[in-house]
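Under the numbering used here, the letters of the sequence shown match residues -12 to 177, in that order. Don't be surprised by glycine CBs; every beta carbon is placed ideally from N, CA and C. Structure record follows, encoded as structure tokens.
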Amino acid sequence: HAEGGAGKTRLLVQWLNRLRDDGWRGAGRVFVQSFYSQGNRDKGYASSDLFFEHALAWFGYRGQRITDARERGQTLAQLVVQQQGLLVLDGLEPLQHPAAFNEGRLRDPGIEQLLLALASMTGGRPHPALCVVTSRQPLVELRDRVGRAVVQQPLDRLDRDTGADLLRQLEVRGTGAELYAAVDEYQGHA
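What follows is the structure, given as structure tokens:
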């Protein structure tokens, strides 16, 4: 999790490209969803309905349409684990409350159940599945499960040296002092 524009999605895409090039490293099925593309909080309500419809089908669900949100989350979690799947949920913040309200908890009970079920199903087993989530804020629902099954990693602002190195890698020209000044001007934002 990190503020907007910090590079979460870019980092995720680079990692996914490496995994793909390496044959997905044993993942049975891979499903990637961006919720951020549905718009931000200011543009209205985002929904997980289409995500669950497509993800359930991708992971092999062939039963009756599941209308209960929590049951959809539980069912998808079971399928992801059974198939040693990789599930990527990018830009989850449209499905979360603002951080100042209700600690930024998820507004979507299906996604909440999916993540809680995956955390409990994968905790004691060696690499049965992986779910990667990016958001502008941490998932408070999972804070009590941080450890073996859940890792919450903030992407912090860059220090002056790292920021200047990044600018050099991007072929930005300038003296060391100018690069440091640019990092300072943007307060280390990637």
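DSSP places Ser21 in the strand class (E or B) of the three-state scheme.
Excluding five sequence positions before and after Leu101, the CB atoms of its chain that fall closer than 6 Å to its own CB belong to Gly60, Leu63 and Ala64, given in chain order.
For Asp77, the enclosing beta strand (DSSP E) stretches over residues Leu73 to Asp77.
For Ala87, the closest C-alpha among the options Tyr173, Thr149 and Gln124 is that of Gln124. A contact is defined here as three or more CB-CB pairs under 8 Å, and the region 40 to 50 fails this definition with respect to the region -10 to 4. Taking C-alpha positions only, Ala177 is separated from Arg49 by approximately 43 Å.
Cβ neighbours of Leu166 within its own chain (closer than 8 Å, five residues either side excluded): Gly150, Ala151, Leu154, Arg155 and Val159.
When rounded, the separation of the alpha-carbon atoms in Arg12 and Val0 is 16 Å. For Val170, the enclosing alpha helix (DSSP H) has its first and last residue at Gly163 to Glu172. Assignment of beta-bridge partners to Gln100 by DSSP yields no partner. The C-beta distance from Phe18 to Ala33 rounds to 18 Å, too long to meet the 8 Å contact threshold. Take the alpha-carbon of Pro81 and the one of Gly163: they are about 39 Å apart. For Arg92 and Ser122, the gap between their C-alpha atoms comes out near 12 Å. Rounded to whole angstroms, the separation of the alpha carbons of Gln70 and Pro115 is 8 Å. Of Leu145, Leu142, Leu6 and Val119, the smallest CA-CA separation from Val67 is found for Val119.
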